[in-house]
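Residues 2 to 292 in the working numbering are what the sequence shown lists, from first letter to last.
Report on the structure given below.
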Amino acid sequence: MTDKITLIEGLFRNQYVCISELLDLKNKIETPYGYIKDITLDIQRNMGNKKKQDWLKKKLPVALVNGIFGKRLDTALSDYSCYICIDLDYDLPNELSERDSDWVKHTSDPYVKMAFHSPRGGIKLIIQHDSLDPAFHKELYSSISGYFGNTHIDSKCDNLSRAHFISYDPKVYYNSSSKVFHFTPSSPTKVTPYVASKTIKSTGTTFWKNLMLQPPKFKNPDQAIKKVQELSDRYFPVSRGFRNSNLFRFACKLHDYGVSKDDALMYLLLRYVEPDFDGTEIEGIVESAYK
2 MTDKITLIEG LFRNQYVCIS ELLDLKNKIE TPYGYIKDIT LDIQRNMGNK KKQDWLKKKL
62 PVALVNGIFG KRLDTALSDY SCYICIDLDY DLPNELSERD SDWVKHTSDP YVKMAFHSPR
122 GGIKLIIQHD SLDPAFHKEL YSSISGYFGN THIDSKCDNL SRAHFISYDP KVYYNSSSKV
182 FHFTPSSPTK VTPYVASKTI KSTGTTFWKN LMLQPPKFKN PDQAIKKVQE LSDRYFPVSR
242 GFRNSNLFRF ACKLHDYGVS KDDALMYLLL RYVEPDFDGT EIEGIVESAY K
C-alpha cells in the first residue's frame, strides 16, 4: 500500500506519467496561471455546450488517485493507494445552490482529506482509507458513498484506474489531519495484504514542470504581446474552427504575462476582427479571460 498517486498527461495519452504526492496534485490544481487554468476556464465559459466541453476536457491531464499505474488500465496497477476519489455530478447551473451547499457540508466532514471542483463544476472528494486489497475496491467505493449518502455521487466511478481531470480550482480544500476511513469487507474470506508489483518511474519531467512554470517578466506590454503571439502561432493559432477557444487561451496568456485588459482588447481587436468574428465576440472573450 502506498500514499502516492499517479498523474498522466491526458485521458488518452500515457507517454508522461508522474508518481506524485497528494499535495503536488493540490498545487497543480490551485496554480493561478498556466495551461490547466486556461483550459479549465475555457470549459467553464462554455457551460451548456457539452460537446465543446467534452472536447476541451480531453486536453487536461488526469489523476489516478487509486494508486501507482504505468498507464490508464486497471491491470496496470503497480501499488494500491490509501486514497480514493468520490465523484459528485450536478446539473449546472440548475443545481448550483445544491452543489454549493454540498461543498460546505463535505469540506466540513472529518473524513475528507481533499476536495476540488471538476472542470464542469462537480465535486471531487478524496478520502484516506485503510483497505489493503484492491480486490475490494468497488465495495470500498460503495461503502464510502453510503457514508456520505449523497444522491449526486456517480456510482460508475468505482473502477481502479478511474481518471479524474486535473482542473484549476483556487478554492481547493485540504485537511492534513483528516480521519482515516475504516473499511471492513463483507467477505468472510481472509484478505491477503496486496503486494506491490513492478516499480513505475516518473517520465516527462519537463512536461510536468512546464505545467507549473511561472509566467516570464517583461519590460513592457509590447514584449509580452509579441511573445504570446509567437506562442499562439506555434501552438494554438487563432484560425477558423478554433478561433473562439484559441483566442480565449491567447487572452489568458496575455493576462498571465501582465498585459492590461485594455491593451489586450485593443491588440486582439486590431488583429483578429473579421466579418464573422466581430468586436463584440472578442470583447466577451477578453472579459472572460480577465475575470
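Heads up, the beta-carbon is just placed ideally off N, CA and C, and yes, glycines get one too.
In this text, all values refer to a predicted model and were calculated from it rather than measured experimentally.
As assigned by DSSP and simplified to three states, the class of residue i
i, result
"VAL274", "coil"
"HIS153", "coil"
"MET213", "coil"
"ARG14", "strand"
"LYS172", "coil"
"LEU266", "helix"
"VAL293", "The structure shown does not extend to residue 293, since the chain is modelled only from 2 through 292, so no value can be given for it."
"ALA116", "strand"
"HIS256", "helix"
"PHE243", "coil"
"PHE166", "strand"
Residue i to residue j span [Cα, whole Å]
i, j, result
"THR76", "LEU8", "17 Å"
"PHE278", "ARG272", "11 Å"
"ALA252", "PHE208", "22 Å"
"ALA290", "LEU42", "8 Å"
"SER79", "ASN50", "38 Å"
"ILE167", "PRO62", "6 Å"
"SER261", "ARG250", "15 Å"
"PRO186", "ILE145", "12 Å"
"THR275", "MET213", "Here residue 275 turns out to be Glu, not Thr, going by the sequence shown. Each residue's Cα considered, the two are about 35 Å apart."
"VAL243", "ASP55", "Residue 243 is actually Phe in this sequence, not Val. Near 15 Å, if we compare the C-alpha coordinates of ASP55 and PHE243."
"GLU22", "THR204", "15 Å"
"TRP104", "ASP223", "42 Å"
"LYS29", "ALA136", "30 Å"
"GLU96", "SER102", "10 Å"
"GLY71", "LEU266", "44 Å"
Neighbourhood of residue i by C-beta distance below 8 Å, restricted to the same chain and skipping five residues each side
i, result
"LYS228", "PRO217, PHE219, TYR258"
"GLU282", "ASN245"
Residues of its chain near residue i, where Cβ-Cβ distance is below 6 Å and the 5 sequence neighbours each way are ignored
i, result
"LEU93", "GLY122"
"VAL375", "This structure leaves residue 375 out entirely; the chain is present only between 2 and 292."
"TYR175", "LYS27, MET115"
"GLY68", "LEU78, ASP80, TYR81, SER82"
"LEU269", "ILE283"
"ARG100", "TYR91"
Residues bridged to residue i (per DSSP)
i, result
"CYS19", "LEU8"
"ILE87", "LEU126"
"THR3", "SER82"
"ILE69", "ASP80"
"PHE182", "HIS130"
"PHE219", "Bridge partners of PHE219: none, in fact."
Anticipated Cβ contact below 8 Å, residue i with residue j, distance rounded
i, j, result
"ARG47", "LYS53", "The sequence given here has Asn at residue 47, not Arg. That belief holds up - the Cβ atoms of ASN47 and LYS53 are roughly 5 Å apart, short of 8 Å."
"PHE149", "ILE87", "7 Å"
"GLU31", "ASP170", "7 Å"
Same chain, Cβ closer than 7 Å to residue i, neighbours up to 5 away in sequence not counted
i, result
"LYS125", "CYS86, ASP88, ALA116, PHE117, SER119, HIS165"
"PRO111", "SER179, LYS180"
"VAL66", "ILE6, SER82, TYR84, ILE85, CYS86, ILE127, HIS165"
Check: residue i C-beta below 7 Å from any heavy atom of the ligand NAP
i, result
"VAL239", "Ligands displayed in this structure: none; no statement on the ligand NAP is therefore possible."
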